[in-house]
Amino acid sequence: MPKELNPKTDQPTVVAEPILGQVLVCVVFGLIGAGLGWLIKVVAKWLVTLPWAPMQGPAKLLSSIPEPGLTIGVVAAGGLVGLIGGAIIKFSELSVSVDGDRVVLTRKGEPREYAGADVAMAFLDGKQLVLLGHRTEELAREDCDQDRRRLAVAFAAHGYTWAEEDPYKKEFQLWVPESGKLPAQAHVLFRAREELLKKPGSSDQLRELRGELADAGVVVRDKDKRQYWRATRR
22 MPKELNPKTD QPTVVAEPIL GQVLVCVVFG LIGAGLGWLI KVVAKWLVTL
72 PWAPMQGPAK LLSSIPEPGL TIGVVAAGGL VGLIGGAIIK FSELSVSVDG
122 DRVVLTRKGE PREYAGADVA MAFLDGKQLV LLGHRTEELA REDCDQDRRR
172 LAVAFAAHGY TWAEEDPYKK EFQLWVPESG KLPAQAHVLF RAREELLKKP
222 GSSDQLRELR GELADAGVVV RDKDKRQYWR ATRR
């Protein structure tokens with residue numbers, strides 16, 4: 022990394038989508054929503070001309086609204102839904118705050134703080150930001166859409182080691198049920214995670230089980246709904 026990109030600083034460095042970028046995303050989603058609203062109006066008016074077509078009731082009800090109220094209403098409603106959808110997406114993105122004392126990962130307004138003294142290394146594993154401790158244990162693994170270069174500069178600027186990839190990736194091996202390489206309790210946790218991987222919206226539970234495996238000295242990595250693991254250093 023060029024030296025000028027790595028200035029030492031005592032001020033926290035925040036890596037997050039700029040406000041202007043967030044506004045633009047919301048506006049784009051709003052325009053898309055407005056376009057879809059207008060398309061729904063067109064489709065509804067077309068459906069009422071086809072007596073055999075489904076959804077005749079809703080189509081006739083919508084088409085009965087006089088113009089320009091119909092167009093204004095569907096475009097405004099679609100735009101509002103799009104704006105809300107864009108805001109939810111941006112609110113759900115991970116923001117990263119780094120200084121010499123701590124690393125704070127915030128998603129949906131909920132910060133998770135990690136003491137700087139505990140963080141030995143940070144890197145991106147695909148689209149996930151990973152923080153490692155001094156025993157190579159994972160302190161955090163979070164989905165992250167922030168720019169790799171900005172993250173590298175932020176961590177290096179505060180004295181943390183930034184790796185271009187997981188230095189321990191070759192140690193991961195596929196989890197095999199009842200393998201003698203792992204204690205029985207670890208297999209219980211892996212089986213529970215296996216079921217959760219099949220269910221959408223299970224990220225919090227998966228994170229909790231990941232933490233329990235970390236307490237047992239096991240690092241877990243998910244790929245294509247399969248679980249891989251490695252042991253931490255003693």
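In our numbering, the protein residues as written are 22 to 255. Note that CB positions come from ideal geometry on N, CA and C, so glycine has one too.
For this session: Work out the CA separation of Ala74 and Lys129 for me, nearest whole Å.
Result: Residue mapping note: residue 129 aligns to position 108 of the sequence shown, counting from 1. Residue mapping note: residue 74 aligns to position 53 of the sequence shown, counting from 1. Rounded to whole angstroms, Lys129 to Ala74 spans 42 Å at the Cα level.
Problem set entry | Straight-line Cα distance separating Val48 from Ile61 | Locating residue 61 in the sequence shown gives position 40, where the first residue counts as 1. Locating residue 48 in the sequence shown gives position 27, where the first residue counts as 1. Those two C-alpha atoms are separated by around 20 Å.
Exercise. To which residues of the same chain is Gln149 closer than 8 Å at the C-beta, ignoring the five residues directly before and after it?
Worked result: Taking the sequence shown and counting its residues from 1, the one referred to as residue 149 is at position 128. Arg162, Glu163, Asp164, Cys165, listed in sequence order.
Exercise. With 16 other CB atoms within 10 Å as the buried threshold, where does Val63 fall?
Worked result: Walking along the sequence shown from the start, residue 63 turns up at place 42. The residue in question, Val63, is exposed, as its Cβ has fewer than 16 Cβ neighbours within 10 Å.
For this session: Would you check if the distance between the CB atom of Asn217 and the CB atom of Gln226 is smaller than 9 Å?
Result: Locating residue 217 in the sequence shown gives position 196, where the first residue counts as 1. Locating residue 226 in the sequence shown gives position 205, where the first residue counts as 1. At residue 217 the sequence reads Leu, which differs from the Asn that was named. A distance below 9 Å separates the beta carbons of Leu217 and Gln226.
For this session: Inspect the beta-carbon positions of Ala178 and Leu210 and report whether they are closer than 9 Å.
Result: Here residue 178 corresponds to residue number 157 of the sequence shown, with the count starting at 1. Here residue 210 corresponds to residue number 189 of the sequence shown, with the count starting at 1. Taking 9 Å as the Cβ cut-off, Ala178 and Leu210 do not qualify as a contacting pair.
Exercise. I think Gly51 touches Leu91, with their Cβ atoms under 8 Å apart; what is that distance to the nearest whole Å?
Worked result: Taking the first residue of the sequence shown as 1, we reach residue 51 at position 30. Taking the first residue of the sequence shown as 1, we reach residue 91 at position 70. So it is not a contact: roughly 19 Å between Cβ atoms.
Problem set entry | Limits of the alpha helix (DSSP H) - the one that Phe144 falls within | For the purposes of this step, residue 144 is taken as the residue at position 123 of the sequence shown. From DSSP, Phe144 is part of no alpha helix (DSSP H) but of the beta strand (DSSP E) over 142 to 146.
Problem set entry | Runs of alpha helix (DSSP H) lying entirely within the region 143 to 179, each at least 4 residues, in chain order | Listed in chain order, the complete alpha helix (DSSP H) runs (minimum 4 residues) inside the region 143 to 179 are 169 to 178.
Exercise. So what does DSSP say about Gln248, is it helix, strand or coil?
Worked result: The residue labelled residue 248 in the question sits at position 227 within the sequence shown. The answer is strand: DSSP assigns Gln248 an E or B state.
For this session: Check whether the region 141 to 159 touches the region 182 to 189, taking contact to mean three or more Cβ pairs, one atom from each stretch, closer than 8 Å.
Result: Yes: at least three Cβ pairs fall under 8 Å.
Exercise. Should Gln194 be labelled buried (16 or more other beta-carbon atoms within 10 Å of its own) or exposed?
Worked result: Position 173 of the sequence shown holds residue 194. Under this definition Gln194 is an exposed residue.
Problem set entry | Per-residue DSSP class, three states only, for Ala136 | Counted from its first residue, the sequence shown places residue 136 at position 115. Strand at Ala136.
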